[in-house]
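Worksheet: the structure to be examined is printed underneath.
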Amino acid sequence: MSLLVLHIDDDQVNRDYISRVLAHTGWDVVTAPDAQTGLTMATSQRPDLIITDIDLPDMSGIELIRHLRRDMHTTPPIIAMSADILHDRAALDAGAQVFLAKPVSIDILLDTIQRLESVPRFN
């Protein structure tokens, strides 16, 4: 069974690039351009993993992670990404398993996803 990844990022180029790379690896990818769409898709699509940017137009990725942890019955592992490394502690405190600094090495992202495949969902 293929891993379903939800990628939330307001940058279309980032969404398209990461989607292509993950799809080439064999994972299914759905994308959202903002936090609200991401919340809706997380609930309806039930992804196995969520990758979110921290700097989103409608709410911060930190707040998005808090909403996901609070509102979903079970929450998949979350990877938070930002060019501002000062967000790392806040992202992890909010409930992300991993923080990656942008620009993200694709090899590091793929290794991180593979490590998180076996992480159970939180209840």
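The working numbering numbers the first residue of the sequence shown as 991 and each following residue consecutively. Ideal Cβ placement from N, Cα and C applies to all residues, glycine included.
Residue burial classification, residue i (beta-carbon count within 10 angstroms, cutoff 16)
i	result
S1108	exposed
G1028	buried
I998	buried
T1021	buried
S1095	exposed
I1075	exposed
A1032	buried
V1003	exposed
Which listed residue (the options) has its alpha carbon closest to that of residue i
i	options	result
A1073	F1089, D1083 and D1024	F1089
G1085	D1101, Q1026, I1052 and M1071	I1052
L1099	D1078, I1075, A1070 and L1082	A1070
I1044	Q1104, D1001 and S992	D1001
L1046	P1023, R1060 and R1036	P1023
D1170	R1060, R1059, I1055 and W1017	This structure does not reach residue 1170, given that the chain is present from 991 up to 1113, and the question cannot be answered.
W1017	D1097, A1032, H1057 and L993	L993
H1057	L1076, Q1026, I1075 and Q1035	Q1026
Per DSSP, the bridge partner or partners of residue i
i	result
H1057	Answer by DSSP bridge pairing: none, since H1057 is not bridged.
M1071	D1043 and L1090
L996	V1020 and I1040
> How about the stretch 1035–1046 and the stretch 1061–1070: do they share at least three Cβ pairs that are nearer than 8 Å?
Replying inline: Per the Cβ contact rule, the stretch 1035–1046 is in contact with the stretch 1061–1070 (3 or more Cβ pairs under 8 Å).
> For the stretch 999–1037, which segments carrying the alpha helix (DSSP H) assignment without a break, of at least 4 residues, lie completely within its bounds, in sequence order?
Replying inline: Whole alpha helix (DSSP H) segments, 4+ residues: 1002–1015 and 1025–1035.
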